[in-house]
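Asks: Residue numbers (the working numbering): 240 to 494. Where is the CB? At the ideal position from N, CA and C, for every residue including glycine. Please read all numbers here as calculations on a predicted model, not as lab measurements. Below are the structure tokens for one structure; questions will follow.
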């Protein structure tokens, strides 16, 4: 567990630096690689959580998330599938088939945090089909809630990717959020089926469970701060309101 604490503390330090440097646009051009380190560290936290919670299956699922989402993103960039037409700017370090490797680790963070959020809420549902359906839907909704603030900041303020077209929500096409929903839905469904087949530990990990919830909140707070500093008001209000509802459901289920 020493390595777990070290990586988590490293991420927190990097996070605090990022809030100030990125939030107030103080990050020099020669330090742009720090964005990639931040997303890799966030993904590493998600991967460690899955590994500690589900052991070998958690590790294999983490690799599956990275590989499958990079593949999906490649199809999106090449053919406009799933999300709409867009392309990435070269600010994320290592690229694999025209897709930043860090996009895969970012997706791993999203699925890990939303799994930690959705699982306790739906564990008490007795009917197996209703349980997996409710879990997958809630996990997908939680992922879209995070993207409500990620995309306006990443696309409109930081220009990490550029949309070819327009949409009602800060220029982002609705197909993006629909794509996020169904991809997260599928990944959560696959995860739940894998957990069921492996009869994986149903207990919540004492160290990583609360930290995954904290990570979910920290990511939304960071991007909300950046949005507010740059004059985007609606997205933070909407996202934080939805996040508050999700947290209420989560903590109510833990009582």
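1) For the alpha helix (DSSP H) containing residue 254, name the first residue and the last one.
2) Can you tell which of 291, 469, 307 has its C-alpha closest to the C-alpha of residue 242?
3) Please say whether residue 327 and residue 400 have beta carbons closer to each other than 8 Å?
4) Identify, in the order they occur along the chain, each residue of the same chain with its Cβ nearer than 8 Å to the Cβ of residue 493, setting aside the five sequence neighbours on each side.
5) Which of helix, strand or coil does DSSP assign to residue 471?
6) Would you mind reading off the limits of the beta strand (DSSP E) that contains residue 326?
7) Please report the straight-line C-alpha distance between residue 426 and residue 411, rounded to a whole angstrom.
8) Which residues does DSSP pair with residue 334 in a beta bridge?
9) By alpha-carbon positions, which one of 430, 403, 354, 482 ends up nearest to residue 323?
10) Bridge partners of residue 408, per DSSP?
11) Beta-carbon separation of residue 338 and residue 312 under 8 Å?
12) In terms of residues, what are the limits of the beta strand (DSSP E) holding residue 384?
13) Based on DSSP bridge pairs, tell me the residues matched to residue 401.
14) Tell me the rounded alpha-carbon separation between residue 281 and residue 344.
15) So for residue 433, helix, strand or coil by DSSP?
16) Just to confirm, are residue 388 and residue 487 a CB contact at a threshold of 8 Å?
17) For residue 418, is the classification buried or exposed, using 16 other Cβ atoms within 10 angstroms of its Cβ as the cut-off for buried?
18) Applying the 10 Å Cβ sphere with the 16-neighbour rule, what's the burial state of residue 398?
19) Counting only the same chain and skipping the five closest in sequence on each side, list residues whose C-beta sits under 7 Å from that of residue 354.
20) Nearest CA to the CA of residue 483: which residue from 466, 471, 452, 470?
Replies: Walking through what the data contain:
1) Going by DSSP, residue 254 is part of the alpha helix (DSSP H) stretching over 241 to 262.
2) Nearest C-alpha to residue 242: 291.
3) Their beta carbons are under 8 Å apart, which means residue 400 touches residue 327 by this criterion.
4) If we look at residue 493 and ignore the five residues flanking it on each side, its Cβ neighbours are 359.
5) Residue state, collapsed to three classes: coil.
6) Where residue 326 is concerned, the enclosing beta strand (DSSP E) stretches over 325 to 327.
7) Cα-Cα distance, rounded: 23 Å.
8) Residue pairing for residue 334: DSSP places it in a beta bridge opposite 339.
9) Nearest of 430, 403, 354, 482 to residue 323, Cα basis: 403.
10) In the DSSP assignment, the residues bridged to residue 408 are 411.
11) With respect to residue 312, residue 338 sits close: the two C-beta atoms are nearer than 8 Å.
12) First-last for residue 384: 367 to 390, but that is the alpha helix (DSSP H), not the beta strand (DSSP E).
13) The partner list for residue 401 (beta bridge, DSSP) reads 326.
14) Looking at the two C-alpha atoms, the distance is approximately 7 Å.
15) Of the three classes helix, strand and coil, the one that applies to residue 433 here is helix, per DSSP.
16) In this structure, residue 388 lies away from residue 487, with their beta-carbon atoms at least 8 Å apart.
17) Classification of residue 418: buried, given that the 10 Å Cβ count is 16 or more.
18) Exposed, by the Cβ-count rule.
19) Excluding positions up to five away in sequence, the list reads 378, 427, 430.
20) Comparing Cα-Cα distances from residue 483 to each of 466, 471, 452, 470, the minimum goes to 452.
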